[in-house]
Amino acid sequence: MYKLNYDPLICKGCKTIDCLVKCQYQDFKDINRAREEKNKILNGEYSKVLDDCRTCYGCEEYCPNNNHPFYQIVELQEKLNIKNVPDPIFKQQLRMMGPKNRIKTQSLKPPIIDMCLFPQLIDNIKGKLYEGASIIWGGDIFCNIMWLHCANMSVILDRLPKMIQNIYEYYIKQSETDEIICFHDECYGAFTQLAPAYGIDVPFKPVHIFEYISKKLDELKLHIKPLNQKIAYQRPCSNRLCSDMDEKLDEIFHKIGAIRVKRTYDKNTPLCCGSVLRIQQKDREADEIQRENISDMKGTGARIAVFNCPMCMMTLGEEVAAQGLFPLHVSDLVRHALGEI
Amino acid sequence: MMQELIQGLKDIVGGEYVSTHLEDRFFYSRDGGTMESFEPDVVVLPQDSNQVSKILSLANKNKVPVYCMGAGLTLSGLHRAISGGILIDMKRMDKIIEVNERSRYVVVEAGISQGKLQAYLKKNYPHLKHSMPDAPPAATIGGNVAIHGSGHLSFLGGFHSDMVTGLEVVLADGRIIRTGSCSVSNYWFAKAPLPDLSGLFLGWFATTGIITKVGLKLYPAHPLSDVRVLICEDPKIMEEIIFKVTDLNIAEDIITWMTPKPDWARGFLHCNVIYGAKTKDELIFKRDLLFEQVRDLIDKKVTGFLPLLPFMKKRFLDVPGKDLVRFADVRKGGGFEYVGAMIPTNLFSDAYKLGLDIAQKHKVAYSLGSRIIGNSHSMMFFYAYAFNRADLADVKNAQNALYETNKKVIDIGGIPWKAEIPAQKEILKKMDKNTKGLIFELKKLLDPNHIMSPGNLEE
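The listed protein sequences correspond, in order, to chains A and B. Just so we're on the same page, our numbering is the position in the first sequence counted from 1, plus 28. Just so we're on the same page, our numbering is the position in the second sequence counted from 1, plus 16.
Printed below as a string of structure tokens:
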């Protein structure tokens, strides 16, 4: 079976314990306490961290040694049967999002856009940005890393390799490209960060949506009308599996003349959209975080809130709009700059 | 004699509202359920209570059977003219007579559709609403209260018959009577404090008179609403959830649902709790109360609230709900019927098991669920079976499943709702003898010539 590639000695010798000290949801100002809890995790023992973890993926980003502290937590949560989601919800979601065996062989024209399990946003794939694009989505190619939010790694390790294989066998093999454009960070993070961490082979080239858009904007340079708009960006948890891609967003913003406003909850300290907290039955906390998040967006003077993650957008979009900000997916923001909206 | 009668009917309502055409008689002979067809000899559509009165006088004089139909949506064939005769279609009697805003009631003609009243209130009294059944909007108010219907305010207000504030009824001999306050006062505000004569006409399958006007309670229509869906895997836990949730008096409607399709729903029990509020803060306050009420079960991880995104909630907040209608065509061919069983809430687990066993035995596509009525003293547990109407064997199979369900529901202590004739007989078989005797005496008293819906409420 697949095994997490990490070195416990690195963690033992870690001087900063950034994975816990920098956590936005747990208070570890005292590094000694952080070290104590970290040691428990490394020894496979119960730590309160396992119960208090909000599964924001942040520690994956904070770890200077790329030693996968978050995956260590999730594995231990599962091993010690620490459930952060009620059983029936977990089981039902597992079935709902499971493979449907409906995938059919297709020869696709590039670019191939992988919408993961979010057909709701298929309408975003239009205009010059996505000219001639082929769209794939569904339970048979779902990356499945959402189970990280449900204290379960084994489902991911069971399903992800099959999904990767499906993409390759049914789409890539007979298509004119080996590139898959990941519309959702989760897929990109699964293919480029989680899969290598567990030694899962990815026989195609994942391309992040930001990489694709940024490159495409070079081709469409003449069509760009700089927006000159202040934008509050909602950085999603899954982007923390591919931090380098956040810089690509800055590149995109620069190219379309958008201003990514400085705010408390962006870059290294983004806030959860709330959807994960709600599945974990923490509605009050989700309310508070959403209030804090949106108030922070508003405080910057931005008029537009831009999302990359479809789940963040579906969770926060309505409330953001109610608070007077215009919710847009990054694709639509770019289409706006291209004069299509 | 029939020709004279038909001419008499034409004289009462006008020629264009009387039909003996084969096509019309066929259309009126059946409904969407599994019961066999019975054609009336003539169909008549009166415009007001006086016309109904004259029709009944004429029928009574000639001893011709009379059946009554609203939208014909009971699915248990209650309007079928089992002994032939006259079928009165009430749909032309659809006026809204009065809305009393401060006392929150409406007076309507019995043939008005649920949809028309809903639309009228939304437009003219957006702060008021009536309880809509989850039937197509064409279902009539009169028909629904007469069968003890229930709807999306039933947790708050009980059966729709409990929401009746008064009735106008035409008796078999053509007399027009009123029940409730409207028999004394100009206001249709309540059945109390008078002898409750409305009970002589609610649940009697039109064997004692024809309801022509209804006074009906209205309720505040809150600008905001929300739905929370609890889920579990064990019917006993669901009983616990229902007990806890109903202990907290915030809901307007509480519905459970269990279905094997789509596949992700198979084996799970869901409980929708729907509530309204004037402000967002109130909505959140109610949500938090609800959470606290089931917190111990959530902490045990045996239940939880489904994480519904805003756009997902709409289907659960639609009034009327459309999910059962979608289910109606699951077997294609458009056949659908359900046994609605009134049961005490404590029998939830037994009722659920009964449905699963029968569906498995008859291999029918099923959808099970329940609506909690009036603070959970009872529930309407529904066993819906879909069938392909073009496949007679499939129809027969569903019919057998329904018949067996009815019998077993009675065995466990429930009572089939809007019972088909075979189920009516089963209920009477189980009924206390003296009660049954009184029912027959009252029927005879009110309908000595036995013209009112013969075949119904008979052994």
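Here a beta-carbon is modelled for each residue, glycine too, at the ideal position from N, C-alpha and C. These numbers were taken from a predicted model, which means no experiment stands behind them.
Quick one: what's got a C-beta closer than 7 Å to Ile-69 (chain A)'s C-beta in the same chain, skipping five residues either side? Looking up residue 69 (chain A) in the first sequence gives position 41. Cβ within range, chain order: Ser-75, Val-77, Gln-100, Ile-101, Leu-104.
Taking Cβ-Cβ distances shorter than 8 Å, what residues in chain B pair up with Lys-40 (chain A)? Along the first sequence, one-based indexing puts residue 40 (chain A) at 12. Those do not exist, as Lys-40 (chain A) stays about 33 Å from chain B at its closest Cβ, beyond 8 Å.
Whether Ser-420 (chain B) touches Lys-441 (chain B) by CB criterion (8 Å): Position 404 of the second sequence holds residue 420 (chain B). Position 425 of the second sequence holds residue 441 (chain B). According to the sequence provided, residue 420 (chain B) is Glu. The question's Ser does not apply to it. Against a cut-off of 8 Å, the Cβ pair of Lys-441 (chain B) and Glu-420 (chain B) comes out as no contact.
Contacting residues, own chain, Cβ-Cβ under 6 Å from Ser-469 (chain B) (five flanking each side not counted): As a position in the second sequence, residue 469 (chain B) is number 453, starting the count at 1. Cβ within range, chain order: Tyr-83, Phe-221, Ala-222, Thr-223.
Neighbouring residues, chain B, relative to Pro-355 (chain A) (Cβ below 9 Å): In the first sequence, residue 355 (chain A) corresponds to position 327, counting from 1. What Pro-355 (chain A) touches in chain B: nothing, since even the nearest Cβ is about 12 Å away.
In the DSSP assignment, what residue or residues form a beta bridge with Gly-385 (chain B)? Here residue 385 (chain B) refers to the residue found at position 369 when the second sequence is read from its first residue. Answer is B:Trp-273, B:Phe-398, bridged to Gly-385 (chain B).
Determine the chain A residues that contact Glu-249 (chain B) at a beta-carbon separation under 8 Å, and present them in chain order. Reading the second sequence from its first residue, position 233 is the one you call residue 249 (chain B). Residues of chain A passing the Cβ test: Asp-115, Pro-116, Lys-119.
Count the other CB atoms within 10 Å of the CB of Met-325 (chain A); is the residue buried (16 or more) or exposed (fewer)? Reading the first sequence from its first residue, position 297 is the one you call residue 325 (chain A). Classification for Met-325 (chain A): buried.
Beta-carbon of Glu-316 (chain A) versus every beta-carbon of chain B: anything under 8 Å? Against the first sequence, residue 316 (chain A) aligns to sequence position 288. It does not; no Cβ of chain B falls within 8 Å.
Integer Cβ distance of Ser-203 (chain A) from Ile-110 (chain A), believed to fall under 8 Å: Indexing the first sequence from 1 puts residue 203 (chain A) at position 175. Indexing the first sequence from 1 puts residue 110 (chain A) at position 82. Not really, about 42 Å apart at Cβ, beyond 8 Å.
With DSSP run on the structure shown, which of helix, strand or coil describes Thr-228 (chain B)? For the purposes of this step, residue 228 (chain B) is identified with residue 212 of the second sequence, where counting begins at 1. The answer is strand: DSSP assigns Thr-228 (chain B) an E or B state.
Interfacial residues, the segment 316-334 of chain B to chain A, with Cβ spacing under 8 Å: Lys-317, Val-318, Thr-319, Gly-320, Phe-321, Leu-322, Pro-323, Leu-325, Pro-326, Phe-327
What distance in whole Å lies between the Cβ atoms of Asp-279 (chain B) and Arg-130 (chain A), which are believed to be in contact at a cut-off of 8 Å? Here the question's residue 130 (chain A) lines up with position 102 in the first sequence. Here the question's residue 279 (chain B) lines up with position 263 in the second sequence. Not confirmed; about 12 Å, so no contact.
Please confirm if the segment 227-238 of chain B is in contact with the segment 135-149 of chain B, defined as three or more CB-CB distances below 8 Å between the two stretches. yes
How about the segment 403-413 of chain B and the segment 371-383 of chain B: do they share at least three Cβ pairs that are nearer than 8 Å? yes
Which chain A residues are close to Phe-307 (chain B), counting only those with a beta carbon under 7 Å from its beta carbon? What you label residue 307 (chain B) is simply residue 291 of the second sequence in a count that begins at 1. Simply Asp-311.
Using the C-alpha atoms, what's the distance from Phe-335 (chain A) back to Met-341 (chain A)? Mapped onto the first sequence, residue 341 (chain A) falls at position 313. Mapped onto the first sequence, residue 335 (chain A) falls at position 307. So the two alpha carbons sit approximately 6 Å from each other.
Cutoff 8 Å: Ile-300 (chain B) Cβ touching any chain A Cβ: Sequence index remark: in the second sequence, residue 300 (chain B) carries index 284 (1-based). It does: the Cβ of Ile-300 (chain B) has a partner Cβ on chain A nearer than 8 Å.
Tell me the DSSP bridge mates of Met-358 (chain B)? Translated into the one-based positions of the second sequence, residue 358 (chain B) becomes position 342. DSSP, once it has assigned bridges, lists B:Met-396, B:Ile-431 as partnering Met-358 (chain B).
Any beta carbon of chain B sitting closer than 8 Å to that of Thr-343 (chain A)? Along the first sequence, read from residue 1 onward, the residue named residue 343 (chain A) stands at position 315. It does: the Cβ of Thr-343 (chain A) has a partner Cβ on chain B nearer than 8 Å.
I need the straight-line Cα distance from Glu-255 (chain B) to Gly-352 (chain A), nearest angstrom please. Here the question's residue 255 (chain B) lines up with position 239 in the second sequence. Here the question's residue 352 (chain A) lines up with position 324 in the first sequence. Straight-line Cα distance between these residues: approximately 43 Å.
Minimum C-alpha distance to Ser-73 (chain B) - residue among B:Asp-297, B:Leu-21, B:Phe-321, B:Ile-128: For the purposes of this step, residue 73 (chain B) is taken as the residue at position 57 of the second sequence. It is B:Leu-21 whose Cα lies nearest to the Cα of Ser-73 (chain B).
For the putative contact between Gly-48 (chain B) and Leu-103 (chain B), defined by C-beta atoms under 8 Å, what is the C-beta separation to the nearest angstrom? Position 32 of the second sequence, counting from 1, holds the residue named residue 48 (chain B). Position 87 of the second sequence, counting from 1, holds the residue named residue 103 (chain B). About 17 Å; that fails the 8 Å criterion.
Once you ignore the five residues that flank Met-29 (chain A) on each side, which residues in its own chain have a CB closer than 8 Å to its CB? Walking along the first sequence from the start, residue 29 (chain A) turns up at place 1. If we look at Met-29 (chain A) and ignore the five residues flanking it on each side, its Cβ neighbours are Leu-185.
Proximal chain A residues relative to Ile-112 (chain B), where beta-carbon distance stays under 7 Å: Within the second sequence, numbered from 1, the residue matching residue 112 (chain B) stands at position 96. Going along chain A, no residue has its Cβ under 7 Å from Ile-112 (chain B), so there is no contact; the nearest lies around 35 Å.
Quick check: what's the CA-CA separation for Leu-94 (chain B) versus Gly-471 (chain B)? For the purposes of this step, residue 94 (chain B) is taken as residue 78 along the second sequence, with counting starting at 1. For the purposes of this step, residue 471 (chain B) is taken as residue 455 along the second sequence, with counting starting at 1. Cα to Cα, the separation comes out at about 10 Å.
Tell me the start and end of each unbroken beta strand (DSSP E) in the segment 285-344 of chain A that is at least 3 residues and wholly inside, in chain order. 286-288, 332-335
With a threshold of 8 Å between beta carbons, is Trp-280 (chain B) in contact with chain A? Translated into positions along the second sequence, residue 280 (chain B) becomes position 264. Yes - at least one Cβ of chain A is within 8 Å of the one on Trp-280 (chain B).
Does Ile-369 (chain A) pass the burial test, meaning 16 or more other C-beta atoms within 10 Å, or should it be called exposed? Here residue 369 (chain A) corresponds to residue number 341 of the first sequence, with the count starting at 1. Exposed, since its Cβ has fewer than 16 Cβ neighbours within 10 Å.
From what residue to what residue does the alpha helix (DSSP H) around Met-18 (chain B) run? Counting from 1 along the second sequence, the entry for residue 18 (chain B) is found at position 2. It spans 18-29 - the alpha helix (DSSP H) in which Met-18 (chain B) sits, taken as one unbroken run.
Do His-164 (chain B) and Gly-219 (chain B) have their C-beta atoms closer together than 8 Å? Mapped onto the second sequence, residue 164 (chain B) falls at position 148. Mapped onto the second sequence, residue 219 (chain B) falls at position 203. Yes, Cβ-Cβ distance for His-164 (chain B) and Gly-219 (chain B) is below 8 Å.
Using only CA atoms, which one of A:Leu-250, A:Asn-94, A:Lys-154, A:Phe-232 lies nearest to Pro-36 (chain A)? One-based indexing of the first sequence puts residue 36 (chain A) at position 8. Out of A:Leu-250, A:Asn-94, A:Lys-154, A:Phe-232, A:Asn-94 has the C-alpha closest to the C-alpha of Pro-36 (chain A).
Bounding residues of the alpha helix (DSSP H) (the contiguous stretch that carries Ala-123 (chain B)): For the purposes of this step, residue 123 (chain B) is taken as residue 107 along the second sequence, with counting starting at 1. Here residue 123 (chain B) is Val; the residue named in the question, Ala, does not match the sequence. Unbroken run through Val-123 (chain B) is the beta strand (DSSP E), 121-125; no alpha helix (DSSP H).
Take Ser-303 (chain A) and list the residues in its own chain whose beta-carbon comes closer than 6 Å to its own, dropping the five residues that flank it on each side. As a position in the first sequence, residue 303 (chain A) is number 275, starting the count at 1. Cβ neighbours of Ser-303 (chain A) beyond the five flanking positions: Met-339, Thr-343.
Helix, strand or coil: which one does DSSP assign to Ala-293 (chain B)? Counting from 1 along the second sequence, the entry for residue 293 (chain B) is found at position 277. Correct three-state label for Ala-293 (chain B): strand.
Against Asp-304 (chain B), what residues of chain E qualify as contacts under a CB-to-CB distance less than 8 Å, listed in chain order? Absent from the structure is chain E; the protein chains it does hold are A and B.
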